[in-house]
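Student: First the structure, which I've put down as structure tokens, then a few questions once you've had a look.
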Amino acid sequence: MCHLFAHQPQRDYESQTRSLRIDGHCTSIRLEMAFWDTLEEIAARENMSLGKFLTTLYNEVLDHHGEVNNFASLLRCSCLIYRSRNMATVQQFKATVAPILDAAE
């Protein structure tokens, strides 16, 4: 089990601080590269730049909760939700395709 975690690319868990402008305010966020990669993927799927996506998410959280506590943690959790939902979709797809493949054999 540790092999899976120990042999991941070091780049994935290296941190990077990025300066962003969210709703006209300059800020910086420090995340691991795996999270930045995932956020860029989400933004691309939404046809948005990363900055636009982060601003949209920030504003939606602000509208819903009235404040945004620990935005970096919210971003990490958002990435986990995104990845877990994608895995569920892949597993559903495999379950659908497996009987078709079996029938083709």
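In our numbering, the protein residues as written are 352 to 456. Idealized CB from N, CA, C, for every residue including glycine. All of these numbers come straight from a predicted model, not from anything done at the bench.
1) Pull the bridge partners of S429 from the DSSP assignment, please.
2) Could you compute how far the alpha carbon of R362 sits from the alpha carbon of R372?
3) What number of angstroms, rounded off, separates the C-alpha of G435 from the C-alpha of S429?
4) Would you mind sorting H386 into buried or exposed? The rule is 16 or more other CB atoms within 10 Å of its CB.
5) Flag this pair as yes or no: are the beta carbons of E392 and Y433 separated by less than 9 Å?
6) Distance, Cα to Cα, A394 vs E418?
7) Ordered along the chain, which non-local residues of its own chain (more than five positions away) have a Cβ less than 8 Å from that of S366?
Tutor: With the structure as the only source:
1) Per DSSP, none; premise fails for S429.
2) If you take the alpha carbons of R362 and R372, they lie about 25 Å apart.
3) According to the sequence as given, residue 435 is Ser; it is not Gly. Near 10 Å, if we compare the C-alpha coordinates of S429 and S435.
4) Sequence inspection shows Phe at residue 386; the His mentioned does not correspond to that position. Buried, by the Cβ-count rule.
5) yes
6) When rounded, the distance between both Cα atoms is 22 Å.
7) So the list reads R381, L382, E383, M384, once near-sequence residues are dropped.
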